[in-house]
Amino acid sequence: MKKAKWLSLILVLCLAVGAVSPVTAGSWSNSIQTVWNSYRSGNTSASSAPQQLVNGTYRTFEISYIIAQILNTDGSYSNAISTVWDSYRSGNTSSSSASQQAVNGAYRSFEAGYIIAQMLDDGSWTNAIQTVWDSYRSGNTSSSSAAQQLVNGTYRTFEIWYIVAQILDDGSWTNAIQTVWDSYRSGNTSSSSAAQQAVNGTYRTFEILYVVAQMLDDGSYSNAISTVWNSYRSGNTSASSAAQQQVNGSYRSFEILYVIAQILDDSYWGY
175 MKKAKWLSLI LVLCLAVGAV SPVTAGSWSN SIQTVWNSYR SGNTSASSAP
225 QQLVNGTYRT FEISYIIAQI LNTDGSYSNA ISTVWDSYRS GNTSSSSASQ
275 QAVNGAYRSF EAGYIIAQML DDGSWTNAIQ TVWDSYRSGN TSSSSAAQQL
325 VNGTYRTFEI WYIVAQILDD GSWTNAIQTV WDSYRSGNTS SSSAAQQAVN
375 GTYRTFEILY VVAQMLDDGS YSNAISTVWN SYRSGNTSAS SAAQQQVNGS
425 YRSFEILYVI AQILDDSYWG Y
């Protein structure tokens, strides 16, 4: 039953309407494109790595918010989804610096992922999901700076998507998932600062999302997925600071979620 809750919904809808093409716009295609446009314009207007990080974390949340809505087919999570959106808007209003905005984006990205994990859970993962939530709450309480809050947000975002990956795994991706987890653990051990921990969090988040994208792809998006992976590798090579690495991880996380959103939109509503 590991993949059942997500993929059975896709299969039911696909059987009902026939095969779908990735070039067929789904119900959420305009919203998805709007976030992509905001990502592009946000990168153009950003004059520093901290501003780019805000762009990355904000767009990561916004595309996660759309994914949650795509999956919310029965409306049972509508209130929870709206609550996170309201927190995102109010968090942006109350932020007085780019570092606080980046925390807002990272926190809301986790919260959207938390809702997605709950949607997909058949009951087998409830305790694991709750453990990550508890870590998020305690991590926020113990953080004494925006830098530490950013670590909390990026770490918990990775951990919740790690659970999603396991929920979806039919056994074919177990080694890949474990490899990312091992990198996360070793990356945390080797980090000597909050900045390096945030790199670990954003990088591992991208890597687990990369696995999830491959799980969901029927081959139609393989080129797009590979392009994001190549950008991740080249972005890491060209980065000369932890701040630039954080941007690379955040940007690539958004880009792979953008692909995932299109896969799900096509599968659910692209007819």
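Going left to right, the sequence shown walks through residues 175 to 445 as our numbering numbers them. The beta-carbon is built from N, C-alpha and C at its ideal position, and this holds for glycine as well.
Under the three-state reduction of DSSP, Gly-297 is assigned to coil, being neither helix nor strand.
Shortest Cα-Cα distance from Gln-292 to any of Ser-412, Ala-339 and Thr-376 involves Ala-339. With a 10 Å radius around the Cβ and a threshold of 16 neighbouring Cβ atoms, Gln-275 comes out buried. One thing to note: Ile-289 has its Cβ no nearer than 7 Å to the Cβ of Tyr-336. Contact check between the stretch 365-380 and the stretch 414-432: three or more CB pairs, one atom from each, fall below 8 Å, which counts as touching. Val-354 is positioned such that its CB atom lies no closer than 7 Å to that of Glu-333. Rounded to the nearest angstrom, the gap between the Cα atoms of Val-385 and Glu-429 is 13 Å. Distances from the CA of Phe-235 to each of Ser-222, Thr-218, Ala-220 and Ile-206 were compared; the closest alpha carbon is that of Ile-206. Per the coordinates, the alpha-carbon of Gly-279 lies some 25 Å from the alpha-carbon of Thr-247. In this structure, the alpha-carbon of Leu-390 lies about 10 Å from that of Ser-441. When the beta-carbon positions are compared, Thr-331 and Gly-287 come within less than 7 Å of each other. Remark: C-beta atoms of Ala-398 and Ile-434 do not approach each other more closely than 7 Å.
The way I'd put it, the stretch 404-413 doesn't touch the stretch 204-218; fewer than three beta-carbon pairs between them come closer than 8 Å. Excluding residues up to 5 positions away in sequence, Ser-367, Ala-369, Gln-370, Ala-372 and Val-373 lie with their Cβ nearer than 8 Å to the Cβ of Ala-416 in the same chain. Of the candidates Ser-317, Leu-342 and Gly-361, the residue whose Cα lies closest to the Cα of Asp-296 is Leu-342.
CA-to-CA, the gap between Gly-409 and Tyr-395 works out to about 21 Å. Cβ atoms of Tyr-281 and Gly-327 come within 8 Å of each other, at about 5 Å.
Less than 7 Å separates the beta-carbon of Gln-418 from that of Ala-223. Scanning Val-258, Leu-438, Leu-227 and Trp-299 for the CA closest to the CA of Ala-321 turns up Leu-227. Between Tyr-432 and Ile-244, the gap from beta carbon to beta carbon reaches 7 Å or more.
DSSP, read as helix, strand or coil, puts Trp-347 in coil. Cβ contact annotation for Tyr-310 (same chain, cutoff 7 Å, sequence separation greater than five): Phe-284, Asn-326 and Arg-330, in chain order. Here Gln-420 has Leu-227, Ala-372, Val-373 and Thr-376 as same chain residues with Cβ atoms under 6 Å from its own Cβ, once five neighbours each way along the sequence are excluded.
Per DSSP, Gly-230 is one residue of the alpha helix (DSSP H) stretching across 223-245. The Cβ neighbour count for Arg-233, taken over all protein chains shown within 10 Å, is at least 16; the residue is labelled buried.
With a 10 Å radius around the Cβ and a threshold of 16 neighbouring Cβ atoms, Asn-229 comes out buried. Residue environment analysis places Gln-323 among the buried positions, since at least 16 neighbouring C-beta atoms fall within 10 angstroms of its C-beta.
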